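Our numbering puts the sequence shown at residues 11 to 131. We treat Cβ as the ideally placed atom computed from N, Cα and C, and that holds for glycine. It should be emphasised that the depicted structure is a prediction, and the values quoted were computed from it without experimental measurement. Here is the structure we will look at, set down as C-alpha cells.
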Amino acid sequence: LDVLRKGKHKELMVTIGELEEDHPKVAGKSGKAVNKGLTVRNLSDEQKDEMKMDNGVVVVAVKRGSEADKAGFRIGDVIVNINNHKVDDVKSFKKALKDLKDKPAAILVIRDERSLFIPLH
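Rendered as C-alpha cells:
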C-alpha cells in the first residue's frame, strides 16, 4: 500500500483481517463508531487542515455485504451531513443515524474532493 505521510510517499505492507461478528457496535473512547456496516472516526486535525474542513467523520471500514457496502460507501469517504443534519463528529454521526430509526437517509459524502449523496436504506 502506497501512502502519503507528511508530504512523503511511503510503502507499507498490509494484512487484511476480518472483523468478528461479536465486535462491539461502539468503541467508546477511541473516537470510532460502527453502524449500518460503517466504521467511522473523527477527522484528525491534519485531515481537517488538508481538506479545509471543520466537520465530518471519515469512513475507516465498510463491512462486506452490509447496507453501507451495498450503497457504495468506500474507505476514506468523509460523511458531512445526514438528511440535512450536519455531522460534526462521531457523536453527531451516531445521533443522526439513531434518529433515522429504519427510515432511508440521504448522506452527503466528500470523496476525492467531490461532493455526492449516497442513499442508505
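Apart from the five residues on each side of it in sequence, which residues of its chain come closer than 7 angstroms, Cβ to Cβ, to L48? V69, V72, A78, F83
Quick one: give me the first and last residue of the beta strand (DSSP E) that V100 is part of. Note, V100: premise wrong, no beta strand (DSSP E); alpha helix (DSSP H) at 100-110.
E123: first and last residue of the uninterrupted alpha helix (DSSP H) it sits in: Neither: E123 is in no alpha helix (DSSP H) and is coded neither H nor E.
Could you compute how far the alpha carbon of L11 sits from the alpha carbon of G86? Straight across, the Cα-Cα distance linking L11 with G86 is about 14 angstroms.
Buried/exposed call for N94, threshold 16 Cβ in 10 Å: exposed
What three-state label does DSSP hand K58 in the structure shown? helix
Other residues of its chain near K62: CB distance less than 7 angstroms, five sequence neighbours each side excluded: Cβ neighbours of K62 beyond the five flanking positions: none.
State buried or exposed for F103, treating a residue as buried only when at least 16 other CB atoms are found within 10 Å of its CB. buried
Would you report the Cα separation of R124 and L130, rounded to the nearest angstrom? 19 angstroms
Quick one: Cα of A37 to Cα of R74, how far? Residue placement at A37 is flagged as unreliable, the pLDDT there being 36, under the threshold of 50; the coordinate-derived value follows with that caveat. So the two alpha carbons sit approximately 19 angstroms from each other.
Can you tell me the Cα-Cα spacing of A106 and L118, whole angstroms? 13 angstroms
Report yes if the C-beta distance between K108 and S76 is below 8 angstroms; otherwise report no. no
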